[in-house]
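Novice: Residue numbers (the working numbering): 94 to 853.
All C-beta atoms in this analysis are idealised placements derived from N, C-alpha and C, irrespective of residue type, glycine included.
Below is a structure I'd like to ask you about.
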């Protein structure tokens, strides 16, 4: 012990750990506070002394660490852990231990049993031991990885103190109560046995085993002396006695993607609510503000306030985005008298009788909560964040780059050791930016419309910074930020309000299912989907993305089917545009025409590459065959030709942006000099299977222009080697598109280069 500490010597106020509202501090401040408080304790006494602290010393240490000032209560400041479950902010260790005691042991606490005194002594000892262990994990090298000598973050300690340590202590106390010997006096966890928790669930066993291993690790370092005999809980078999039945690992029910029709319906309804109801709801809430500061009781349950709110609602003319009056809704929206979240469930049916338009304040707050959930759904669909990530979005999260592109700035905690997480941003489409900005207006207006202890709160002394709040009709404090539990509950209530299934596909609706949905859709529709999803999901390795994609066993077949359909669709588009260009040129076939006209006087619809000529020839052959039979060229013929050219979608691979390889399996190309799949890195302009997409023509034109300028400039400087490089660039890009070939041959510099090449 470096020096004695007394609870009276510490004057820090711990009220911030139990406050109802989150203090808004930056990530850097949060990290500094956590590390500074731990450093203060380490400067007072050695780590080896933690296991010997008395109850008074434990209270003083907790106070310095900002983990509470009451013996047996482990607190976590809300500003340090804004997204954890509410029951983890203040853990009553004694109650948690007593909760897990066997029923036969719990009875001694309420009777005059002779064992009551000893049981209370064991509970006091266990509370002291648990608190000592939490303090040690808070300031000592408690990580289990070899490279980790860092303390655990406060959220992890709170979870351990709530879920695992009380279970271990309760099992040990039950054994010690039967053993009248005091050879374990002072210790608790040493009496813990694996068999005591064999009836608990698989996830609990894993957590308890992890803490037993952590205690053993701390014991090896000389910091902890109350260690259970560590062995693998899931694999231990007693040497003697009756064999313990093998516990089967429970079948894991992974998050599944949402059904396509369900996503389509949910998203379309959410979009409609945002565009059409959103401005109306915000306008009505603004009209509520004067009412909330008028009377002594500022609540919608006040008869006077309720009557005034109803009068406001009766005079509202609901307008859609086009300014037309909304007399009826395009789909049913179910509201009960208590607003969203106030449904009465009867099996799969929902009892609700409120119809359009809304009648009072509870209906408006219910719609406001629904509007917030609609905003959340838009964010989930467009950037697929984790629940912990979307809750870190603040009211200033939307930023715009110089090119006008919008970004949403938040934090991620999943793949980092930092307590405060790391910052990251997501590129968001315009509609998502508009939805977030509307949510900022909504939360700012709804926040003051609350009632806390009957005080007037129409004007907040300090508005919050959180983006998502508890603003429903049944919420008495609308200044509170939304947590992860409330977030997923709001999604299910939103589905119920719209008359949709709360368990689509047989699994409860949750935010993580949107990530699986986006992964599936991207895998089906986007080239290089794993690389794109790796960036969107914030994963560190491609294997993590592939787990998302390939977890669904049926997805591989879907991907192959969609990929074939996309190849046929791309070929059909090429054929349609070539046919349209040819028909437009029909009347002026002998002239210069427009579009990508080559030296033979044919229009390739803006496409380039030698494959474009082959495709054009195939179209002409097919049209001639139809003409001979008296048939008319139509959409069906284009699709059939596309299937033929792509061999039913098995060829036509996009090898690079704007370049498609049409090589069939039996063709030999210059990229690999053999049959089989193409080699994208060696794709060459001279290949007869190379198709240049029309949109790429502008980029190639700019490349030739730059090459010509650099060729002239290097010639003036006498740099023959550099000039030779730009000469090859011109010759390489020139034949890619017929129109560009014709255009640049009129240039004197290009003309001389081509002539010298032909003479050579």
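Helix, strand or coil for residue 766, going by three-state DSSP, please let me know.
Specialist: The answer is coil: DSSP assigns residue 766 none of H, G, I, E or B.
Novice: Let's see if you can read the secondary structure: which residues bound the beta strand (DSSP E) around residue 518?
Specialist: First-last of the beta strand (DSSP E) with residue 518: 515-521.
Novice: By the DSSP assignment, the alpha helix (DSSP H) with residue 502 in it spans what residues?
Specialist: No alpha helix (DSSP H) holds residue 502; the beta strand (DSSP E) holding it covers 499-505.
Novice: Indicate whether residue 602 and residue 595 have their beta-carbon atoms separated by less than 8 Å.
Specialist: Their beta carbons are under 8 Å apart, which means residue 602 touches residue 595 by this criterion.
Novice: With DSSP as the reference, identify every bridge partner of residue 487, one or two as the case may be.
Specialist: 559.
Novice: Just to confirm my understanding: we take residue 433, look at its own chain, exclude 5 residues before and 5 after, and list those with CB closer than 7 Å. What are they?
Specialist: Model confidence at residue 433 stands at a pLDDT of 40, short of 50, so the residue's coordinates are unreliable and nothing is read from them.
Novice: When you compare each of 314, 428, 838 and 270 to residue 864 by their alpha carbons, which one comes out closest?
Specialist: Because the chain spans 94 through 853 in this model, residue 864 falls outside it and cannot be assessed.
Novice: For residue 418, which residues from the same chain have a beta carbon less than 7 Å from its beta carbon, with the 5 sequence-adjacent residues on both sides left out?
Specialist: These residues qualify, in order along the chain: 410, 411 and 412.
Novice: Going by other Cβ atoms of all chains shown within 10 Å of its Cβ, with 16 needed for buried, is residue 264 buried or exposed?
Specialist: By the 10 Å Cβ count, residue 264 comes out buried.
Novice: Would you identify the three-state DSSP class for residue 828, choosing helix, strand or coil?
Specialist: Three-state DSSP puts residue 828 in a helix.
Novice: Going by C-alpha to C-alpha distance, which of 252, 258, 196 and 231 sits closest to residue 245?
Specialist: Residue 245 has its Cα closest to that of 231, out of 252, 258, 196 and 231.
Novice: Is it the case that the Cβ atoms of residue 449 and residue 422 are separated by a distance below 8 Å?
Specialist: Going by C-beta atoms, residue 449 is nearer than 8 Å to residue 422.
Novice: With which residues is residue 754 paired in a DSSP beta bridge?
Specialist: Paired residues: 746 and 783.
Novice: Exposed or buried, which one is residue 220 when buried takes at least 16 other CB atoms within 10 Å?
Specialist: Per the 10 Å Cβ criterion, buried.
Novice: If I'm right that residue 87 touches residue 157 with Cβ under 8 Å, what's the distance once you round it to whole angstroms?
Specialist: This structure gives no information on residue 87, because the portion of the chain shown stretches from 94 to 853.
Novice: Assuming residue 223 and residue 262 are in contact, meaning their beta carbons sit under 8 Å apart, how far apart are those beta carbons, in whole angstroms?
Specialist: About 6 Å; that satisfies the 8 Å criterion.
Novice: Using 8 Å as the threshold, is the segment 736-747 in touch with the segment 716-726, meaning 3 or more CB pairs across them?
Specialist: The segment 736-747 is not in contact with the segment 716-726.
Novice: Do you know whose CA, among 124, 712 and 142, lies nearest residue 172's CA?
Specialist: Closest by alpha carbon: 124.
Novice: For the alpha helix (DSSP H) holding residue 778, just list the boundary residues, first then last.
Specialist: Counting along the chain, residue 778 falls outside any alpha helix (DSSP H), and DSSP gives it neither H nor E.
Novice: If you draw a straight line from the C-alpha of residue 372 to the C-alpha of residue 405, how long is it?
Specialist: Approximately 16 Å, taken between the alpha carbons.
Novice: In the DSSP assignment, find the unbroken alpha helix (DSSP H) run with residue 417 in it and report its ends.
Specialist: Element bounds for residue 417: n/a, residue is neither H nor E.
Novice: Would you list the residues sitting across from residue 185 in a DSSP beta bridge?
Specialist: Its beta-bridge partners are 166.
Novice: Can you tell which of 597, 540 and 500 has the C-alpha that lies nearest to the C-alpha of residue 523?
Specialist: It is 500 whose Cα lies nearest to the Cα of residue 523.
Novice: If distances are taken between C-alpha atoms only, which option among 497, 170, 529 and 808 comes closest to residue 503?
Specialist: Nearest of 497, 170, 529 and 808 to residue 503, Cα basis: 529.
Novice: Cα separation between residue 381 and residue 451?
Specialist: Cα to Cα, the separation comes out at about 14 Å.
Novice: In terms of residues, what are the limits of the alpha helix (DSSP H) holding residue 808?
Specialist: Segment 790-809, the alpha helix (DSSP H) holding residue 808.
Novice: Distance check for residue 542 and residue 383, CA to CA, integer angstroms please.
Specialist: Each residue's alpha carbon lies about 10 Å from the other.
Novice: Out of curiosity, what's the CA-to-CA distance linking residue 598 and residue 475?
Specialist: In a straight line, the C-alpha of residue 598 is about 21 Å away from that of residue 475.
Novice: Whose C-alpha, out of 490, 228 and 605, is nearest the C-alpha of residue 559?
Specialist: Considering only alpha carbons, the answer is 490.
Novice: Under the DSSP definition of a beta bridge, which residues are partnered with residue 412?
Specialist: Residue 412 pairs with 418.
Novice: In three-state DSSP terms, what is residue 428?
Specialist: If DSSP states are grouped into helix, strand and coil, residue 428 belongs with the strands.
Novice: In this structure, does DSSP put residue 493 in helix, strand or coil?
Specialist: Strand, per DSSP.
Novice: Who are the Cβ neighbours of residue 536 in its own chain at under 6 Å, not counting the five residues just before and after it?
Specialist: Excluding sequence neighbours, residue 536 sits near 562.
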